[in-house]
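Counting from 1, position 123 in the sequence shown corresponds to residue 240 in our numbering; the numbering is continuous, with no gaps.
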Amino acid sequence: MREKLKKANRVVIKIGTSSLVYPNGNINFSSIDELAFVLSDLKNQNKEIILVSSGAIGVGMNKLNIPQRPVEIPQQQAVAAVGQAELMNIYNHRFQVYNQKTAQLLLTRDIIEFPQSRENVCNTLEQLLAMGIIPIINENDTVAIDELDHLTKFGDNDQLSAIVAQLVHADLLIMLSDIDGFYTANPLHHKTAKLYDEITEITPDLMKQATGKGSPYGTGGMSSKLKAADRILKTDATMILANGKEPKIIFDILAGKKVGTYFYKEETL
Ligand code: ADP
118 MREKLKKANR VVIKIGTSSL VYPNGNINFS SIDELAFVLS DLKNQNKEII
168 LVSSGAIGVG MNKLNIPQRP VEIPQQQAVA AVGQAELMNI YNHRFQVYNQ
218 KTAQLLLTRD IIEFPQSREN VCNTLEQLLA MGIIPIINEN DTVAIDELDH
268 LTKFGDNDQL SAIVAQLVHA DLLIMLSDID GFYTANPLHH KTAKLYDEIT
318 EITPDLMKQA TGKGSPYGTG GMSSKLKAAD RILKTDATMI LANGKEPKII
368 FDILAGKKVG TYFYKEETL
């Protein structure tokens, strides 16, 4: 049933702040190092890799020595602007060890709303992949704000990663979270909750089993991950939700091992 994963060639990986920044606010270099190693190695196996990375605000808070996440939006945007540059600095440094080039793409919802913008983004991504470069994508926090007449925000990077996977016709979206997969209830509060091995349809009952975010850095919570999975299941792609604590788990996922929750459309088997 997971045979298809072994053949996945074009892979989008989404990593959340909780995998990049420790709960005490310090940068998790071991996780970032491991991620750079794994993604560079997959690229060397001729796979096409796109990384969607959160973490700008977390890294910015660390760089500016701000203990609490700012409440005001302009402050958040300023911290994100500092953090995004620093995050790319850290990524470039780590990927450089493996002689792997990266690129930064900061996107807004325009890529959904405007066909010309969408085409420009697709062309850029295709060109970068053809050049063997790993694109690193985040939302453009400076521009992205929910306005009444002009929605510029994706909502969160869970949605952004699914939209990117859709745009580039990826084979697989790997969503790395702070939990092993999707459970019958939030394991934080329900000790007997069971992990789903696979899901083929996002039903209202499943949505009810998904509740809010788990960590202080969490954004969308599980319902946002299910929404992303729903988007993926409308395409020919598949999705794995797994724990990003050790990014080497990506090797296991692509070897078809039974880790995380596998979302696939029944007929894509
Ligand atoms: P991330 O920061 O990785 O994007 P979030 O904090 O947004 O993750 O969401 C992950 C959290 O969702 C988990 O840590 C867990 O506490 C919570 N959660 C709620 N419902 C579920 C569920 N049914 N299965 C798994 N986790 C759940």
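C-beta atoms are modelled at their ideal positions from N, C-alpha and C, and glycine is treated no differently.
Separation of residue j from residue i, as counted between CA atoms
{"i": "leucine 323", "j": "threonine 301", "result": "8 Å"}
{"i": "tyrosine 208", "j": "leucine 152", "result": "9 Å"}
{"i": "glutamate 363", "j": "leucine 305", "result": "20 Å"}
{"i": "valine 238", "j": "threonine 309", "result": "44 Å"}
{"i": "leucine 386", "j": "leucine 245", "result": "Note that leucine 386 scores 49 on pLDDT, short of 50, meaning its location in the model is unreliable; the coordinates nonetheless yield the value given after this. Each residue's Cα considered, the two are about 30 Å apart."}
{"i": "glycine 177", "j": "glutamate 383", "result": "42 Å"}
{"i": "valine 199", "j": "asparagine 303", "result": "34 Å"}
{"i": "alanine 197", "j": "asparagine 257", "result": "9 Å"}
{"i": "glycine 298", "j": "leucine 223", "result": "28 Å"}
First and last residue of the uninterrupted alpha helix (DSSP H) at residue i
{"i": "methionine 205", "result": "190-214"}
{"i": "methionine 356", "result": "Careful: methionine 356 lies outside any alpha helix (DSSP H), inside the beta strand (DSSP E) at 355-360."}
{"i": "methionine 118", "result": "Counting along the chain, methionine 118 falls outside any alpha helix (DSSP H), and DSSP gives it neither H nor E."}
{"i": "leucine 350", "result": "338-350"}
Coarse secondary structure for residue i, derived from DSSP in three states
{"i": "isoleucine 229", "result": "helix"}
{"i": "isoleucine 250", "result": "coil"}
{"i": "isoleucine 174", "result": "helix"}
{"i": "glutamine 244", "result": "helix"}
{"i": "glutamine 162", "result": "coil"}
{"i": "asparagine 303", "result": "coil"}
{"i": "threonine 328", "result": "coil"}
{"i": "valine 155", "result": "helix"}
{"i": "asparagine 126", "result": "coil"}
{"i": "glutamine 276", "result": "helix"}
{"i": "lysine 131", "result": "strand"}
{"i": "glutamine 221", "result": "strand"}
{"i": "valine 238", "result": "helix"}
{"i": "glutamine 384", "result": "The residue asked about is misnamed: residue 384 is glutamate in this sequence, not glutamine. Reduced to three states, the DSSP call for glutamate 384 is helix."}
{"i": "asparagine 255", "result": "strand"}
{"i": "isoleucine 296", "result": "coil"}
CB contact flag (residue i, residue j, <9 Å)
{"i": "lysine 164", "j": "arginine 127", "result": "yes"}
{"i": "valine 169", "j": "leucine 289", "result": "no"}
{"i": "isoleucine 316", "j": "lysine 344", "result": "no"}
{"i": "leucine 204", "j": "glycine 172", "result": "yes"}
{"i": "leucine 312", "j": "lysine 131", "result": "no"}
{"i": "glycine 373", "j": "leucine 122", "result": "yes"}
{"i": "isoleucine 251", "j": "glutamine 217", "result": "yes"}
{"i": "threonine 219", "j": "isoleucine 253", "result": "yes"}
{"i": "threonine 328", "j": "serine 340", "result": "yes"}
{"i": "phenylalanine 212", "j": "leucine 284", "result": "no"}
{"i": "alanine 282", "j": "methionine 356", "result": "yes"}
{"i": "asparagine 255", "j": "asparagine 274", "result": "yes"}
{"i": "glutamine 192", "j": "threonine 259", "result": "no"}
{"i": "aspartate 295", "j": "serine 147", "result": "no"}
Run of the beta strand (DSSP E) containing residue i, from where it starts to where it stops
{"i": "lysine 375", "result": "No beta strand (DSSP E) contains lysine 375, which DSSP labels as neither H nor E."}
{"i": "isoleucine 319", "result": "Per DSSP, isoleucine 319 belongs to no beta strand (DSSP E) and is neither H nor E."}
query: Do three or more CB pairs link the segment 176-184 to the segment 276-293 at distances below 8 Å?
result: With a cut-off of 8 Å, the segment 276-293 and the segment 176-184 do not count as touching, because too few Cβ pairs lie within range.
message: Under 8 Å: do the segment 130-147 and the segment 374-381 share three or more Cβ pairs, one atom per stretch?
response: Because the criterion of three Cβ pairs below 8 Å is not met, the segment 130-147 and the segment 374-381 do not touch.
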